[in-house]
Each structure stands twice: as structure tokens, then as C-alpha cells.
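Trainee: Heads up: the protein sequence lines correspond to chains A and B, in order.
The first sequence: position 159 = 159 (the UniProt record's numbering), numbered continuously.
The second sequence: position 150 = 150 (the UniProt record's numbering), numbered continuously.
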Amino acid sequence: MTSAAASPKPLHPGLNLGPAHGKANMEAEPVVFGFWVFLMSDLVTFAMFFAVYATSVHATAGGPGNAAITDLTSIAIQTGALLISSLLFGLGTIAMKYDEGRAKVAGFLAAALAFGLVFLGFEIRDFMHAAEIGAVPMRSGYLSSYWALVGLHGLHVTVGSIIILAMIAQIAIFGLRSDVKSRILRLGLYWHFLDVIWVGIITVVFLPGAVA
Amino acid sequence: MNETFLLGRLSLADIEPLKLFQNPDISTAIGSLASWVVIVGAIAVVALLTVKGWWKPLFTEWLNTTDHKKIGIMYLTFAGVMFIRGVLEGVVMRAHLMTSYEGGFLTSEHFAELFSTHGTIMIFFVLMPALIGLMNLLVPLQIGARDVAFPKLNQISLGFTAVGGVLIMLSLVVGGFETGGWTAYPPYTGAAFQPGPGPDYWVWAIGLSGVGSLLTGLNFAVTIYKMRCPGMTFMRMPLFVWTALCTSILLIFALPPLTAVTLMQALDRYLDFHFFTNDLGGNMMNYANMFWMFGHPEVYILILPAFGIYSEISQTYSGKMLYGYTSLVLATMAIAVLSFTVWLHHFFTMGQSAAINAAFGVATMLIAIPTGVKVYVWIATLWRGRVRLRTPIVYLAGFIVFFVIGGYTGVILANPTINFAVHNSQFVVAHFHNVLLPGTLFAILAGIYTWFPKFFGFRLDETWSLRTAYLFVIGFAVTFLPLYVLGLMGYPRRSPAFDDPTFIPYVIVSFLGAVMLLGALTSLIVSFVVSVRKRDELAVPGGDPWDGWTLEWATPAPVPEWNFAVIPEVHSRHAFGIEKMSGNAFSFEESEIEAIEMPAGSYIGLAIAVFGTLLGFALVFWIWWLAALSLLVMVGYGIALGFLPNRPIIVPAEEVARVHKSWADAALGERRTRREDETLPTNRGYAAPIAGAHA
């Protein structure tokens with residue numbers, strides 16, 4: 001049915017579901033491609049928030065600036081938690097690829113979720129600290145852009161966490177059906193994508209803040 | 001402001017229809033009457049559905065469908081309803097401006113509301129959904145696919161688009177719209193200057209419908225990349241598919257800035273953030289930049305599919321192969337890329353250095369090159385073709401003549417030094433109407449004429465269609481060309497009144513043009529009514545009334561739900577045209593026909609439309625409980641989709657074969673229609689191929 005069907009070339013070599021999944025591969029092809037397109041588009045949304053942040057660094061209106069809200073220890077913990085979470089998710093998808101059982105896959109996903117929540121916990125702690133010292137988004141254009149950029153990433157992590165929960169439930173109910181697998185792979189892309197954004201946030205927001 | 005838990009900040013004073021009975025001035029009365037039109041219209045629709053017994057089919061055949069053709073028809077219907085409102089607003093504005101020498105019958109506030117809704121509606125809820133509707137109808141058929149890549153997502157997109165339109169309609173009845181134009185520049189639309197519901201309507205109508213447009217872009221890009229039938233290489237795709245691809249790519253990259261900007265504006269207005277405020281470090285230039293990073297590609301989102309339609313009809317109605325297919329493809333791609341490099345020309349006067357202005361000015365002028373290539377290509381296609389003066393060719397001729405003028409004035413505006421003199425004047429109003437009416441609107445109307453028979457099974461009445469076309473073309477010229485002169489004479493745009501009597505003759509002419517456009521709209525509606533009445537005489541069950549060459553014509557009319565009995569395999573750009581020449585167009589092997597899997601229906605799109613509208617309305621009026629509830633339902637339904645069974649509907653091979661065979665068998669007995677007879681009742685949709693057309 002697709003033009004790709006006529007060609008003997010393997011589809012999406014980086015995301016294959018194993019040699020035993022010819023039909024699943026075929027069905028995953030447009031879906032995974034579509035998800036990459038979505039991520040690309042989401043990246044542009046983040047780019048806008050980065051751009052506004054970059055133009056607002058000096059728009060503090062006499063309020064707290066970058067240095068006052070950067071707690072590098074907390075950022076280090078958050079980064080560690082997010083990267084470990086991504087690693088665990090990756091191990092989950094490998095367990096899925098090699099058919100190591102639904103319990104193992106769900107276990108890795110639950111562990112990834114746990115570290116995601118650690119990340120969110122520390123992020124919320126930082127936000128609350130910022131609010132305590134008066135660094136609320138209503139205070140200045142700079143703080144608006146800071147809360148919006150970091151908050152948008154946090155919102156994405158929250159949404160991802162909810163979907164991880166939903167996927168654990170789907171594994172429990174349906175087992176590792178090929179459409180469930182395909183969804184887990186896409187969720188994995190999303191979860192790793194958030195790491196990439198986070199590295200950008202560290203570089204643009206927190207490292208300059210620590211230096212200042 | 002009084003707020004209650006149940007109704008937020010909604011109060012009786014927001015209810016527009018009541019104002020008619022409160023001794024209103026003329027301006028308020030017009031607004032109130034308009035709200036009554038919405039109410040009476042809604043009641044009329046409900047009554048019609050009840051009398052005709054259409055409620056059940058509405059819910060079981062349309063609102064739950066994932067069929068790209070029905071979704072396309074719903075997009076076009078939606079655009080049509082919004083178009084009526086948009087045109088009426090335009091006529092009211094022109095009537096006001098005709099009388100606005102030191103006065104006019106509308107208040108400045110009301111006039112500002114009118115040009116804001118007019119612009120927002122025409123761009124977001126007429127031109128975009130109409131083009132997306134045509135993309136829905138045509139793209140899967142033209143690439144030989146059974147549906148789009150993600151049929152359910154397609155339905156969700158339609159749901160989000162509907163939310164925006166319904167919110168704007170609601171703003172007419174409850175609370176009123178913003179007064180900052182379709183661009184809604186802060187800080188004027190910020191909480192400090194417009195605390196009321198108007199700008200919030202804009203934020204949620206645009207923000208939520210933007211999600212739908214983005215998903216449409218994604219869906220069609222994936223469809224075109226991944227769902228083409230065997231043999232349909234990129235360079236064999238019909239031009240319309242190419243332009244749909246470019247538009248999809250633009251939607252994917254251009255909508256995020258709009259989403260970002262509406263979100264930030266919402267944060268400013270609801271939570272007292274300071275992105276775009278005057279105080280505490282806000283910077284409205286961020287808004288201007290991001291809005292136009294969306295807004296300029298948006299111009300090409302609107303024009304590229306129109307170019308695609310013109311390419312198809314210049315070929316079809318001249319019976320001659322498109323001249324310079326490859327140059328058209330390259331030009332389309334070049335425009336798509338360049339469209340991201342020119343956004344700053346929308347605000348040359350807002351404080352950049354001369355060097356930056358110059359760079360963006362040059363980039364803008366560069367776009368004229370691929371666009372010029374296209375115009376030559378269409379002219380060369382018509383040149384020495386066997387041109388038939390059907391309705392689409394009238395639109396095409398109007399387009400070529402006037403679009404060139406619109407393009408030239410665009411190049412004039414692209415020059416920053418001239419731009420300083422004419423920006424924010426009626427010259428700009430003339431320019432963008434000059435590109436959007438002949439460019440996009442005429443293409444949509446020509447496209448509807450051409451492909452209507454494909455999806456409804458009968459042609460549109462030729463006499464009324466021609467009248468409509470001439471009225472639109474002439475009405476456009478009379479309405480908008482005088483505005484160039486007015487602009488150069490120094491008449492500012494968006495100005496509710498003027499004090500220079502030399503403007504008067506021009507505004508009178510422009511109003512007469514607006515009346516002609518109103519006549520064109522009426523004539524358009526009449527053409528549909530007349531055609532429905534004469535549908536037996538105009539029937540084209542063969543599905544090929546114009547001697548089309550591309551795959552969509554190789555199906556019966558109306559097209560069966562599964563599009564193609566057997567997925568076609570193509571060997572050239574004119575797959576169906578060449579089959580017809582060789583006499584194989586209707587031959588098929590019954591053994592090749594297999595059972596077809598079609599996606600099951602779903603109500604997710606309807607749920608998005610209903611709860612998205614409630615969400616938007618609740619946010620506009622600060623009804624927090626309703627907003628939370630609606631959001632919860634939408635998210636909950638979305639998550640639940642992953643758990644609900646997703647069983648496709650299987651159409652048995654016998655059923656597919658039966659439908660296909662009855663079409664093919666009928667074709668054997670039917671006389672082939674020659675081109676000169678194509679408007680006669682004898683045109684049953686079996687075209688006689690034109691000799692030598694594919695050389």
C-alpha cells in the first residue's frame with residue numbers, strides 16, 4: 001500500500017522492532033516518522049521560549065536576576081535524575097526488543113518514572129525557593145521568561161510522566177502487543193527529547209546564572 | 001468586576017442580543033442585530049435537521065467519520081459559514097467608511113471590533129479551513145491512497161478548528177471581540193488596556209485552532225511522504241500535492257511561534273506575567289517578531305495550495321500538459337524556504353537598523369522571482385492550448401491579471417524606504433486583499449467548481465457559476481483597487497473616519513464594489529441551490545466531467561469510502577489520462593480486488609470540538625470549574641483512546657467489486673463527452689480524451 005512496500009530496503013533501521021515484526025514495522029513506519037515531525041515542531045516551540053529568554057536576560061526591572069535563582073547543586077541533582085531516568089527508559093526499550101518479559105519492561109518504565117518525579121520534585125523546590133525570595137514571574141519580564149521556559153519543560157516532563165503511567169497500565173492490560181510497543185518507542189523518543197531540551201536550559205539559563 | 005463561582009465574570013451586560021431592547025444607538029443596534037442573526041441561524045439549522053430527520057445521519061455518518069472526504073466537506077462547509085459572516089462584516093465596514101467623512105454610523109470601538117473579527121475570520125476560519133478542506137478531499141486521492149496517514153488525528157484537527165470558529169461566533173453574542181486587529185498587538189490588547197473578554201476570545205480561538213492546523217500539517221506531510229501508491233515518485237505527484245506538501249511543512253514550522261505567542265499573551269493577561277507589557281521589562285517586539293515568524297509563512301500557507309489549484313486547472317481546462325512542471329516544483333519549494341526569511345518586513349518602521357531592514361527587504365524581493373516563474377508557467381500552459389472559458393478559467397484569468405498587480409505592489413512595499421511612507425495606509429489594505437482574493441479566494445472557488453462533481457456526483461450550474469465568477473472578479477477590482485489611490489493620498493488603514501473630502505469619491509466606488517461582492521456571495525449561494533435542484537440533469541456518475549488526468553478522476557462520483565478498489569500503480573504524471581488514451585481506463589481484474597480495512601469511526605473529534613469550546617469559553621469568562629472539567633475530559637478521552645479497542649471495519653471484497661464493476665460496466669455503455677459539450681446534460685462524467693494532449 002505504501003510506496004515503501006515495494007522497496008526491499010529496511011525501514012527506520014534505528015527503530016526496528018526486531019526481525020520477527022515485519023508487519024509491525026510496516027505499521028510503525030508512518031507513525032514513528034510522524035512522531036519525529038511532531039518533536040521537530042515542538043522543538044520550534046521551545047526555540048521561541050529560548051529566544052524570548054535570551055532577549056529578556058537584562059529585563060529584570062530591578063528585581064532578582066539570573067544569579068539569585070540559580071542553585072547549581074539542585075540543578076546537578078535534577079540533571080542526574082533526568083539522565084538516569086532516560087537511561088532506565090532506554091534499558092526498558094532494550095528489554096522490550098529482546099523479549100525479556102513484560103514485568104521487566106514495566107519495571108524499567110516505573111523506575112524511569114520515579115527518577116522523573118525526583119526531577120520534578122527538585123524543580124518545584126527551586127520554583128518555591130524563587131517565589132520565597134520574590135522572584136515570581138509577575139516581578140519582571142526576565143522572570144516571566146524564566147518561569148515560562150523552565151516551566152514549559154517541567155510541564156512536558158509532567159505530561160510524559162502521566163503517559164508513562166498510562167503505558168505501564170497498557171502493558172499490564174494488553175501485554176507487549178505491537179501497537180503498545182510502538183507507543184513505548186515513541187514515548188522513549190519524547191523522554192530523550194526532553195533531555196536534549198534540558199541540556200539547552202542548563203547551558204542557556206543555569207550555567208550563566210552560576211557564573212554571574 | 002463582579003465574579004461568581006458559577007459564571008465567573010459573565011454578566012447580563014455581556015449578552016449582546018438584549019441590547020436591542022435597551023434603547024440602543026445605531027452602532028449598538030447593528031451589533032445586537034448581528035448577534036440575533038447568529039441565534040436565528042443556529043435555530044434554523046436545528047430546525048432544518050429536525051424537519052429533515054438529519055440528526056441521526058449527522059451523528060452516525062458525519063460527526064464520527066474518519067473519511068478524509070467527509071472531513072474535507074465539513075471543513076469547506078465550516079469555511080463557507082464563516083465566509084458569509086466575513087463578507088457581511090466587510091460590507092458593513094465599507095458602508096460605514098463611505099459615510100465616515102467626519103462621522104459614520106459606527107462607533108470607533110465597533111468599527112475596530114469589525115476589522116479585527118473580519119481579518120481573524122477570513123485568515124484563520126475561511127481561507128485556511130477551505131484550503132485544508134480541499135487538501136483533505138484531494139491529496140489522498142491524487143497520490144492513490146485510501147486515506148490520510150492518521151485518520152483519527154485528522155478528525156481531531158477538524159475539532160480544534162471548529163473550536164476557534166465557534167468561539168468567534170460566540171463572541172458576537174456574548175461579550176464582544178478585541179479591537180486590536182487580527183494581529184492583536186500588545187500592549188494594546190494587554191490586560192492594562194483591554195481587560196474585557198475580547199482579547200481572550202482571540203487568544204483561545206487562535207491558540208486552540210492553531211493546534212488543529214499544526215496537526216493537519218503533520219498529518220499531510222506524513223501522508224505525502226509515506227502513503228504514495230507504487231510508482232508515484234515525487235516528480236510524478238500532481239502539482240497540488242506538491243503545494244500541499246509545502247504548506248504542510250510550513251504549518252509544522254510556522255504554527256509553533258503562534259502557539260508560543262498566544263500562550264505568552266495568555267500568561268500576560270491571566271497571571272500578570274510581563275512578556276509584552278509596557279512596564280517591568282516587557283517587550284512587545286518579541287510579540288511582533290514571533291507573530292510574524294508565524295504570520296509570513298502563513299501568507300504562503302494560504303497561497304501555495306492556491307497555486308497548486310491554478311496549476312491543475314490551467315492544465316485541465318486548456319487540455320494541454322502543464323508547461324514547466326519541474327520549474328513549478330522548484331519555485332514552490334523556493335517560496336516555502338524563502339517565506340521564513342522575510343518576517344521582519346511587516347514592521348520595517350519599528351526601530352531596526354537600516355542594514356537589517358535592507359537585508360529583509362532584499363529577501364522579500366527575492367520571493368518575486370519564483371513567483372514570477374509561476375505566473376509565466378501558467379501563461380505558457382494556456383498559450384496555444386485548447387482553452388475552454390469555463391468558470392475556473394475566468395477565475396484564473398482574473399487571478400493572473402490582478403495577482404501580478406498585487407505582486408508588484410508587494411515588491412514596492414518590500415522596499416523599506418517606500419514602506420516608511422505607505423505602511424499602515426490603505427495601500428497595504430489594497431495590497432493584501434489584492435493577493436488574497438485573486439490569489440487564494442478565487443482559487444478556492446475555482447477548485448470547488450472543478451472538484452464538486454467528484455464528491456457530490458453532479459456538476460455546478462454553469463450559468464450561475466459564471467455569473468458568480470464575473471461578479472467576484474469585477475467586484476474585487478472595484479472594491480480594492482481604489483484603496484491603492486487612497487493609500488497614496490495618505491488615508492491610514494484601520495481609521496474609523498476621515499476629514500479629507502477628496503477621499504469621498506473613492507470610498508463611494510469602493511462601497512459599490514463591496515455591494516458587488518455581496519452580490520457575488522448571493523450568486524454563489526444561488527448557484528449551489530440551483531445545482532442541487534437540477535442535480536439529475538447535472539449528474540456525472542462516471543466521475544470524470546472535465547477530462548482529468550490525475551488519479552482522483554479514476555474513481556466513480558461520489559467517490560466510494562475506500563477510494564480505490566485496487567491501489568493503483570502509476571507510470572507517469574498523467575496516470576488516468578494515459579489510461580484513457582489507451583482505452584484501459586475502466587478495465588480491471590476482479591481477482592485483484594481484496595477485502596479492504598477501513599478505520600472505525602470515532603467521536604474524539606466531536607469531543608474535542610465541544611469540550612474545547614467549553615474550555616475556551618470558560619477561560620474567557622474565568623469560569624474556572626468549567627475550564628478544569630473540560631480540560632480533564634479532553635485529556636481523559638485522549639488517554640482513554642489508548643485503551644479503547646481499535647477494530648477496523650472490513651469491507652468485503654464482493655462489496656468493493658460490486659461498486660467498482662457497476663461503475664466500469666456503465667462506462668462501457670456510455671457515450672464519451674467531447675470537451676465542447678461538457679456543460680450539456682449529456683456530460684455524464686465520461687470524457688473523451690483529447691488527442692495529443694500528453695505529448
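Ideal Cβ positions, reconstructed from N, Cα and C, are used throughout, including at glycine.
Looking only at C-alpha atoms, which of L255/B, R494/B and G543/B sits nearest to M340/B?
Mentor: Here residue 340/B is Phe; the residue named in the question, Met, does not match the sequence. Out of L255/B, R494/B and G543/B, L255/B has the C-alpha closest to the C-alpha of F340/B.
Trainee: Check each residue of the segment 272 to 297 of chain B: if its Cβ is closer than 9 Å to any Cβ of chain A, include it; give the result in chain order.
Mentor: Within the segment 272 to 297 of chain B, the residues whose Cβ lies closer than 9 Å to some Cβ of chain A are D272, F273, H274, F275, F276, T277, D279, L280, G281, G282, N283, M285, N286, N289, M290 and M293, listed in chain order.
Trainee: Using only the alpha-carbon positions, how far apart do T371/B and V241/B sit?
Mentor: Roughly 18 Å separates the two Cα atoms.
Trainee: Quick one: give me the first and last residue of the beta strand (DSSP E) that E594/B is part of.
Mentor: First-last for E594/B: undefined, no H or E at that position.
Trainee: Assign S582/B to buried or exposed, taking buried as 16 or more other Cβ atoms, counted over all protein chains shown, within 10 Å of its Cβ.
Mentor: Classification of S582/B: exposed, given that the 10 Å Cβ count is below 16.
Trainee: What residues in its chain sit with their C-beta under 7 Å from that of N357/B, if we drop five residues either side in the sequence?
Mentor: If we look at N357/B and ignore the five residues flanking it on each side, its Cβ neighbours are F348 and P416.
Trainee: When you compare each of D547/B, S495/B, Y603/B and P558/B to A688/B by their alpha carbons, which one comes out closest?
Mentor: When each option's Cα is compared against that of A688/B, the closest is D547/B.
Trainee: Which residue from L48/B, V610/B, P648/B and E594/B puts its Cα closest to that of V166/B?
Mentor: With distances taken between Cα atoms, V166/B lies closest to V610/B.
Trainee: Consult DSSP for G439/B and reduce its assignment to one of helix, strand or coil.
Mentor: G439/B falls in the helix class under three-state DSSP.
Trainee: Rounded to the nearest angstrom, what separates Q315/B and T381/B at their Cα positions?
Mentor: So the alpha carbons of these two residues sit roughly 7 Å apart.
Trainee: At least one CB of chain A closer than 8 Å to the CB of K19/B: is that the case?
Mentor: Chain A contact via Cβ: absent.
Trainee: Go through its chain and collect everything with a Cβ distance to R236/B's Cβ below 7 Å, but skip five positions before and after it.
Mentor: Counting only Cβ-Cβ distances below 7 Å, and skipping sequence neighbours, we find V570, S572 and R573.
Trainee: Let me know the alpha helix (DSSP H) ranges lying completely inside the segment 591 to 634 of chain B, each 4 residues or longer, listed in chain order.
Mentor: Complete alpha helix (DSSP H) runs here, min 4: 604 to 620.
Trainee: Does the segment 302 to 317 of chain B come within contact of the segment 436 to 448 of chain B, defined as at least 3 CB pairs closer than 8 Å?
Mentor: They touch, by the three-pair rule.
Trainee: What span of residues does the alpha helix (DSSP H) with I15/B cover, start to end?
Mentor: Neither: I15/B is in no alpha helix (DSSP H) and is coded neither H nor E.
Trainee: According to the neighbour-count rule (16 or more other Cβ atoms, all chains shown, within 10 Å of its Cβ), is V219/B buried or exposed?
Mentor: Going by the sequence as given, residue 219/B is Asn instead of Val. Classification for N219/B: buried.
Trainee: Using DSSP with H/G/I as helix, E/B as strand and the rest coil, what is G175/A?
Mentor: Note: G175/A maps to coil in three-state DSSP.
Trainee: Going by DSSP in three states, Y101/B sits in which element: helix, strand or coil?
Mentor: Strand.
Trainee: Consider the Cβ of A221/B: report whether some Cβ of chain A lies at a distance smaller than 8 Å.
Mentor: By this cut-off, A221/B is an interface position.
Trainee: Near G457/B, what residues of its chain come up, given a Cβ to Cβ distance below 7 Å and the 5 sequence neighbours on each side ignored?
Mentor: A539, V540, P541, A557 and P558.
Trainee: Restricting to Cα atoms, I'd like to know which of V46/B, S116/B, G133/B and M82/B is closest to H68/B.
Mentor: When each option's Cα is compared against that of H68/B, the closest is G133/B.
Trainee: Hey, does T550/B have any beta-carbon neighbour from chain A nearer than 8 Å?
Mentor: No, because no Cβ of chain A sits closer than 8 Å to the Cβ of T550/B.
Trainee: Quick one: which unbroken alpha helix (DSSP H) runs of 4-plus residues sit fully inside the segment 26 to 92 of chain A? Chain order, please.
Mentor: Here the runs fully enclosed are 66 to 69.
Trainee: Tell me the DSSP bridge mates of S425/B?
Mentor: DSSP output for S425/B lists P492/B as bridge partner(s).
Trainee: May I have the straight-line CA-CA distance separating A4/A from A95/A, to the nearest angstrom?
Mentor: Residue placement at A4/A is poorly supported in this model, since its pLDDT is 39, which falls under 50; the coordinates still yield a value, given next. When rounded, the distance between both Cα atoms is 28 Å.
Trainee: What does T55/A reach in chain B if we use C-beta pairs closer than 7 Å?
Mentor: Result: N283 and N286.
Trainee: Identify the continuous alpha helix (DSSP H) that holds I367/B and give its terminal residues.
Mentor: Run containing I367/B: A354 to L382, per the alpha helix (DSSP H) assignment.
Trainee: Kindly say whether Y190/A, judged by its beta-carbon, lies nearer than 8 Å to any beta-carbon of chain B.
Mentor: Cβ-Cβ to chain B under 8 Å: no for Y190/A.
Trainee: Just the C-alpha distance for G513/B and F480/B, rounded to the nearest angstrom, thanks.
Mentor: For G513/B and F480/B, the distance between alpha carbons rounds to 8 Å.
Trainee: Report the three-state DSSP secondary structure of T4/B (helix, strand or coil).
Mentor: The answer is strand: DSSP assigns T4/B an E or B state.
Trainee: Can you tell me whether T277/B is buried or exposed, with buried defined as 16 or more other CB within 10 angstroms of its CB?
Mentor: Its Cβ being crowded by 16 or more others within 10 Å, T277/B is buried.
Trainee: Cα separation between G351/B and G217/B?
Mentor: Whole-angstrom Cα-Cα distance: 34 Å.
Trainee: Closest to L114/B by C-alpha separation, out of A628/B, V91/B, R390/B and M135/B, would be which residue?
Mentor: When each option's Cα is compared against that of L114/B, the closest is V91/B.
Trainee: Go ahead and pull the three-state DSSP assignment for A387/B.
Mentor: Checking the sequence shown, residue 387/B turns out to be Val, not Ala. Three-state DSSP puts V387/B in coil, outside helix and strand.
Trainee: On the DSSP letters alone, give me the boundaries of the alpha helix (DSSP H) that V651/B sits inside.
Mentor: Premise fails: V651/B lies in the beta strand (DSSP E), I649 to V651, not in any alpha helix (DSSP H).
Trainee: Assuming T66/B and P645/B form a contact by the criterion Cβ under 8 Å, report the distance between their Cβ atoms to the nearest whole angstrom.
Mentor: About 15 Å separates the two Cβ atoms, so there is no contact after all.
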